[in-house]
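J.:
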Amino acid sequence: NAGVTQTPKFQVLKTGQSMTLQCAQDMNHEYMSWYRQDPGMGLRLIHYSVGAGITDQGEVPNGYNVSRSTTEDFPLRLLSAAPSQTSVYFCASSYRSNNSPLHFGNGTRLTVT
Amino acid sequence: DQQVKQNSPSLSVQEGRISILNCDYTNSMFDYFLWYKKYPAEGPTFLISISSIKDKNEDGRFTVFLNKSAKHLSLHIVPSQPGDSAVYFCAASGRGGGSNYKLTFGKGTLLTVNP
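Residue numbers (my numbering), protein chains in the order written: chain A, -1 to 111; chain B, 95 to 209.
Okay, structure coming up:
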């Protein structure tokens, strides 16, 4: 099993550019989430999904869009990148059952200049 | 307002000794707590968890203790090994506000185990 796969691993954008961070999981997990990690900070929840067709906002959703058209994929879109979005982004997934831990991908390091 | 606090940014211990990582929380709605370990350039990996109905959970060398009245939990690693060197994140969730997919993380503690 590949687990949670994130692409790309690294990305440099100019301010105002758009891009999509890809996330796919092959564990048939119902739940998927996006977190960002900034230096000296813990991981903060951006958006999450409890199933195909259902998404909701987390702690820091501004500047990001998500959609969940399939169980496997949960892309994160930056419509107009800003330097404040420079961060490491982690996608995670888990089963619906209580106490099922999150499985994380290896992250995408994004730099916005 | 930080709801999950890890007040020690770093900890250094000798191989074979005990490592104790601490975590405090402020939100009384939290009832499920987890520890994740993170190596550089990798995603966090789940280590151990504890529900608020328990005060201790063990898994091999790793034990998590929960003191609900003090809103404090700790992770004990015995004996510590050089491969345990990583950043450890404490995380919490509340059933009332969601499930384990909506975690609130602390800032992490860098553990270094010296041979």
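The C-beta atom is built at its ideal place from N, Cα and C for all residues, glycine as well.
May I have the straight-line CA-CA distance separating Val43(A) from Ile112(B), to the nearest angstrom?
T.: Translated into positions along the first sequence, residue 43(A) becomes position 45. Translated into positions along the second sequence, residue 112(B) becomes position 18. Reading off the sequence, residue 43(A) comes out as Leu, not Val. Using only the alpha carbons, I get a separation of about 32 Å.
J.: Counting Cβ pairs, one atom from each stretch, are 3 or more of them under 8 Å apart for the stretch 173 to 188 of chain B and the stretch 103 to 121 of chain B?
T.: Contact holds: three or more Cβ-Cβ distances are below 8 Å.
J.: Are the CB atoms of Leu74(A) and Leu11(A) within a distance shorter than 7 Å?
T.: Numbered from its first residue, the first sequence carries residue 11(A) at position 13. Numbered from its first residue, the first sequence carries residue 74(A) at position 76. No, the pair does not count as a contact, with Cβ atoms beyond the cut-off.
J.: With hydrogens ignored, establish whether the beta-carbon of Arg34(A) is closer than 6 Å to any heavy atom of the ligand GDP.
T.: As for the ligand GDP, it is missing from this structure, which has no ligand bound.
J.: Using a Cβ-Cβ distance cut-off of 7 Å, determine whether Leu41(A) contacts chain B.
T.: To locate residue 41(A), count along the first sequence from 1; it is residue 43. It does: the Cβ of Leu41(A) has a partner Cβ on chain B nearer than 7 Å.
J.: Tell me the rounded alpha-carbon separation between Gln108(B) and Lys196(B).
T.: Sequence index remark: in the second sequence, residue 108(B) carries index 14 (1-based). Sequence index remark: in the second sequence, residue 196(B) carries index 102 (1-based). Approximately 35 Å, taken between the alpha carbons.
J.: What three-state label does DSSP hand Gly49(A) in the structure shown?
T.: Taking the first residue of the first sequence as 1, we reach residue 49(A) at position 51. If DSSP states are grouped into helix, strand and coil, Gly49(A) belongs with the strands.
J.: For Leu205(B), I'd like the list of residues in its chain whose CB is within less than 7 Å of its CB, leaving aside the five on either flank, ordered along the chain.
T.: Residue numbering aside, residue 205(B) sits at position 111 when the second sequence is read from its first letter. Leu105, Ser113, Leu115, Asp178, Ser179, Ala180 and Tyr182, listed in sequence order.
J.: Would a check of beta-carbon distances place Asn63(A) closer than 7 Å to chain B?
T.: Looking up residue 63(A) in the first sequence gives position 65. False, the Cβ-Cβ gap to chain B never drops below 7 Å.
J.: Taking 8 Å as the cut-off, does the stretch 17 to 36 of chain A touch the stretch 78 to 93 of chain A (at least 3 CB pairs, one atom from each stretch)?
T.: The stretch 78 to 93 of chain A, when compared against the stretch 17 to 36 of chain A, does touch it at the 8 Å Cβ threshold.
J.: State the beta-bridge partners of Asp54(A) as determined by DSSP.
T.: Walking along the first sequence from the start, residue 54(A) turns up at place 56. Beta-bridge pairing links Asp54(A) to Tyr46(A).
J.: Could you check the C-alpha separation between Pro134(B) and Ser122(B) for me, to the nearest Å?
T.: Mapped onto the second sequence, residue 134(B) falls at position 40. Mapped onto the second sequence, residue 122(B) falls at position 28. Each residue's Cα considered, the two are about 32 Å apart.
J.: Between the Cα of Asp24(A) and the Cα atoms of Thr109(A), Arg107(A), Val58(A) and Asp71(A), which residue gives the shortest distance?
T.: Here residue 24(A) refers to the residue found at position 26 when the first sequence is read from its first residue. Nearest of Thr109(A), Arg107(A), Val58(A) and Asp71(A) to Asp24(A), Cα basis: Asp71(A).
J.: Of all the CB atoms in chain B, is at least one closer than 7 Å to the CB of Pro99(A)?
T.: Start at 1 with the first residue of the first sequence, and residue 99(A) comes out as number 101. Closer than 7 Å to some Cβ of chain B, the Cβ of Pro99(A) qualifies, so yes.
J.: According to the neighbour-count rule (16 or more other Cβ atoms, all chains shown, within 10 Å of its Cβ), is Ser85(A) buried or exposed?
T.: Against the first sequence, residue 85(A) aligns to sequence position 87. It is buried - the Cβ of Ser85(A) has at least 16 other Cβ atoms within 10 Å.
J.: Along the stretch 20 to 41 of chain A, where does the CB come closer than 7 Å to a CB of chain D? Name the residues.
T.: The structure shown has no chain D; the protein chains it does contain are A and B.
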